[in-house]
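Trainee: For reference, the structure I am asking about is given below.
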Amino acid sequence: MKYSVDKKYSFIFAGGGTGGHLYPLIAVAEQVKLNLPDADILFVGTAKKIESKVIPSLGYKFESVNISGFPRKINFETIKFGFKLISSIFKSLSICFKYKPDVVIGAGAYVSGPIVWAGALTGAKVVLMEQNSYPGVTNRLLEKKAEKIFISFEDSKKYFRFPEKLSLLGNPLRLNVKLTDKMDAVTNFGLDCNKKTLVVLGGSLGAGSINKAVEKFLTEFKALDIQIIWQCGDRYFDSLQKYNNNSVKVMAFVDDMGKVYSSADLIVARAGATTIAEIAHLGLPTIFVPSPNVTDDHQYKNAKSIADKNGALVIRDNEVESILFDKVKEVIFDSNKLNNFKENIKLFAKPEAAKNIGAEVVELAKNKNRL
234 MKYSVDKKYS FIFAGGGTGG HLYPLIAVAE QVKLNLPDAD ILFVGTAKKI ESKVIPSLGY
294 KFESVNISGF PRKINFETIK FGFKLISSIF KSLSICFKYK PDVVIGAGAY VSGPIVWAGA
354 LTGAKVVLME QNSYPGVTNR LLEKKAEKIF ISFEDSKKYF RFPEKLSLLG NPLRLNVKLT
414 DKMDAVTNFG LDCNKKTLVV LGGSLGAGSI NKAVEKFLTE FKALDIQIIW QCGDRYFDSL
474 QKYNNNSVKV MAFVDDMGKV YSSADLIVAR AGATTIAEIA HLGLPTIFVP SPNVTDDHQY
534 KNAKSIADKN GALVIRDNEV ESILFDKVKE VIFDSNKLNN FKENIKLFAK PEAAKNIGAE
594 VVELAKNKNR L
């Protein structure tokens with residue numbers, strides 16, 4: 234595929250695999266377009282993950298490289314990974330030589346590694362974005378190549394070797410989620426405005442441990458007049474939809490996050506970087522149950538950064554089935570705790586993150602072109 238390189242400024246955005254790595258890139262790309270309407274933008278990701286569908290649907294050009302995460306054990310997958318890595322490096326070099334990016338922006342996922350490295354080798358300025366409190370391996374390996382590294386948590390600073398490159402600008406969000414009138418939102422779900430509403434968010438796939446805990450304590454929640462909006466995930470919906478009634482609303486997905494957030498007196502959720510950024514921006518009291526199935530336990534580190542500032546409560550995944558009810562009961566009826574969580578989690582909000590990072594990326598491109 235041939236690219237148009239007659240634009241004054243060109244940018245490659247590299248990352249994906251999950252929405253947490255992809256959507257911050259999209260938010261920054263949108264800001265770059267606002268600053269430079271003629272900017273030539275290319276996204277690079279993998280062919281079988283979320284980015285291969287989302288990016289073309291938004292009208293951006295997309296190229297894929299064949300790469301996967303490094304295997305945890307030395308086996309046949311390690312040999313396959315070696316071939317994929319070599320292939321992805323050559324493909325990335327080919328893309329960069331053809332496209333001639335002024336700036337390459339990597340979001341830290343493994344797919345960003347080859348294209349960021351190739352961009353640096355072919356003369357592009359490199360920007361890294363780190364959404365998590367504990368930086369991923371890819372960003373730590375590439376930090377020497379970077380001109381700037383944008384982080385979302387203060388705690389990230391101690392893990393990087395080049396503090397002069399770091400800027401704490403927050404996790405870029407496409408801020409299209411807004412709070413509406415709570416009474417209207419609760420009524421929209423057919424719930425009672427006079428009862429406390431617990432919102433449970435397990436993500437699109439759901440969270441098995443959280444679902445088991447909610448299922449276990451449904452009778453106890455009902456006895457305290459706590460109603461529940463329960464986003465259980467697609468894989469669990471068939472077995473859990475039987476609990477749908479006038480005080481429990483079970484759904485596989487959430488179509489309107491604004492209404493769900495607006496209904497909540499308290500939220501129970503995983504601690505992915507994007508979820509945290511949204512909740513912090515809106516100032517919502519939350520109990521985080523970090524997923525244990527993530528690299529370097531980064532969700533727990535994300536949540537602990539907030540809990541240490543009295544911005545939320547954290548329950549370990551292996552404890553949620555035994556203590557979720559007690560912790561919800563402890564918080565949801567305590568107006569002081571709810572208000573403290575609301576105010577303190579806002580300290581982690583950076584609503585201008587996308588705008589500020591986009592401006593810095595554009596400035597890097599302009600400075601490169603002046604040389």
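Sequential numbering from 234 applies to the sequence shown in the working numbering.
Note that CB positions come from ideal geometry on N, CA and C, so glycine has one too.
Roughly how many whole angstroms lie between the Cα atoms of R503 and Y494?
Mentor: One-based indexing of the sequence shown puts residue 503 at position 270. One-based indexing of the sequence shown puts residue 494 at position 261. Each residue's alpha carbon lies about 15 Å from the other.
Trainee: Using the three-state DSSP reduction, which class does V238 fall into: helix, strand or coil?
Mentor: Looking up residue 238 in the sequence shown gives position 5. Low confidence applies here, because V238 scores a pLDDT of 43, under 50, leaving its location unreliable; read the following figure in that light. Here V238 sits in coil by DSSP.
Trainee: Alpha carbons only, please: which of I461, K445 and D488 is nearest the one belonging to S472?
Mentor: Against the sequence shown, residue 472 aligns to sequence position 239. Taking only the C-alpha atoms, the option nearest S472 is K445.
Trainee: Need the endpoints of the beta strand (DSSP E) that Q364 sits in, please.
Mentor: The count along the sequence shown starts at 1 and reaches residue 364 at position 131. That residue, Q364, is in no beta strand (DSSP E); it is neither H nor E in DSSP.
Trainee: Assuming Q460 is part of the beta strand (DSSP E), what are its boundary residues?
Mentor: Within the sequence shown, the letter at position 227 stands for residue 460. Taken as a continuous stretch (DSSP letters only), the beta strand (DSSP E) holding Q460 covers I459 to Q464.
Trainee: Which residue from G403, K482 and M416 puts its Cα closest to that of V177?
Mentor: The structure shown does not extend to residue 177, since the chain is modelled only from 234 through 604, so no value can be given for it.
Trainee: Take K415 and list the residues in its own chain whose beta-carbon comes closer than 7 Å to its own, dropping the five residues that flank it on each side.
Mentor: As a first step, residue 415 is located in the sequence shown; it is residue number 182 there, counting from the start. Excluding positions up to five away in sequence, the list reads S495 and S496.
Trainee: By a C-beta neighbour count over all protein chains shown, 10 Å radius and 16 as the cutoff for buried, is S400 buried or exposed?
Mentor: Residue mapping note: residue 400 aligns to position 167 of the sequence shown, counting from 1. That one is exposed.
Trainee: In terms of DSSP beta bridges, what is E448 paired with?
Mentor: Taking the sequence shown and counting its residues from 1, the one referred to as residue 448 is at position 215. In DSSP, E448 forms no bridge with anything.
Trainee: Give me the Cα-Cα distance between N268 and E596, rounded to the nearest whole angstrom.
Mentor: For the purposes of this step, residue 268 is taken as residue 35 along the sequence shown, with counting starting at 1. For the purposes of this step, residue 596 is taken as residue 363 along the sequence shown, with counting starting at 1. Answer to the nearest angstrom: the Cα atoms are 10 Å apart.
Trainee: Using 8 Å for Cβ pairs, my map puts T507 next to Y293. What's the rounded Cβ distance?
Mentor: By one-based count along the sequence shown, residue 507 stands at place 274. By one-based count along the sequence shown, residue 293 stands at place 60. With a Cβ gap of about 19 Å, T507 and Y293 do not count as contacting.
Trainee: From L291, G441, L375 and K537, pick the residue whose C-alpha is nearest to that of A342; which is it?
Mentor: Looking up residue 342 in the sequence shown gives position 109. The shortest Cα separation from A342 among L291, G441, L375 and K537 belongs to L375.
Trainee: Does the beta-carbon distance from P523 to V561 come in below 8 Å?
Mentor: Start at 1 with the first residue of the sequence shown, and residue 523 comes out as number 290. Start at 1 with the first residue of the sequence shown, and residue 561 comes out as number 328. It is not a contact, given that the beta carbons lie outside the stated cut-off.
Trainee: Residue ranges of each alpha helix (DSSP H) run of no fewer than 4 residues wholly in the stretch 513 to 571, ordered along the chain?
Mentor: Counting whole runs of 4 or more residues, the stretch 513 to 571 contains the alpha helix (DSSP H) stretches 531 to 540 and 553 to 565.
Trainee: Taking all protein chains shown into account, do 16 or more other C-beta atoms lie within 10 angstroms of the C-beta of T452, making it buried, or fewer, making it exposed?
Mentor: Taking the sequence shown and counting its residues from 1, one reaches residue 452 at position 219. Label assigned to T452: exposed.
Trainee: Sorted by chain position, which residues of the same chain lie with C-beta nearer than 7 Å to S321's C-beta, five sequence neighbours on each side aside?
Mentor: Locating residue 321 in the sequence shown gives position 88, counting from the first residue. The residues are V298, N299, I300 and P347.
Trainee: State yes or no: is the C-beta of T251 within less than 8 Å of the C-beta of I283?
Mentor: Position 18 of the sequence shown, counted from the start, is the residue given in the question as residue 251. Position 50 of the sequence shown, counted from the start, is the residue given in the question as residue 283. Yes; because the gap between Cβ atoms is below 8 Å, this pair is in contact.
Trainee: Please return the same chain residues whose Cβ sits closer than 8 Å to the Cβ of K196, not counting the five positions on each side in sequence.
Mentor: Residue 196 falls outside the range modelled here, since the chain spans only 234 to 604, and no answer is possible.
Trainee: Can you list, in chain order, the residues of its chain with a C-beta nearer than 6 Å to that of A606? Leave out the 5 residues immediately preceding and following it.
Mentor: The question about residue 606 has no answer, for the chain in this structure spans 234 to 604.
Trainee: Would you mind reading off the limits of the alpha helix (DSSP H) that contains V287?
Mentor: Along the sequence shown, read from residue 1 onward, the residue named residue 287 stands at position 54. Note, V287: alpha helix (DSSP H), E284 to S290.
Trainee: Counting pairs of Cβ atoms below 8 Å between the stretch 578 to 587 and the stretch 538 to 546, do you hit three or more?
Mentor: These segments touch.
Trainee: Using only alpha-carbon positions, find the residue among W463, N572 and M484 that is nearest to L517.
Mentor: Taking the sequence shown and counting its residues from 1, the one referred to as residue 517 is at position 284. Nearest C-alpha to L517: N572.
Trainee: If we call anything under 8 Å between Cβ atoms a contact, is V261 one with G591?
Mentor: Taking the first residue of the sequence shown as 1, we reach residue 261 at position 28. Taking the first residue of the sequence shown as 1, we reach residue 591 at position 358. Taking 8 Å as the Cβ cut-off, V261 and G591 qualify as a contacting pair.
Trainee: Could you have a look at D467 and say whether DSSP puts it in helix, strand or coil?
Mentor: In the sequence shown, residue 467 corresponds to position 234, counting from 1. Looking at D467 - three-state DSSP - the assignment turns out to be helix.
Trainee: When the Cα of K599 is compared with those of V336, S325 and A280, which residue comes out closest?
Mentor: As a working mapping, residue 599 is identified with position 366 in the sequence shown. Considering only alpha carbons, the answer is V336.
Trainee: Identify every residue that forms a DSSP beta bridge with I338.
Mentor: Working through the sequence shown from its first residue, we reach residue 338 at position 105. For I338, which the question treats as bridged, DSSP gives the partners F246 and V360.
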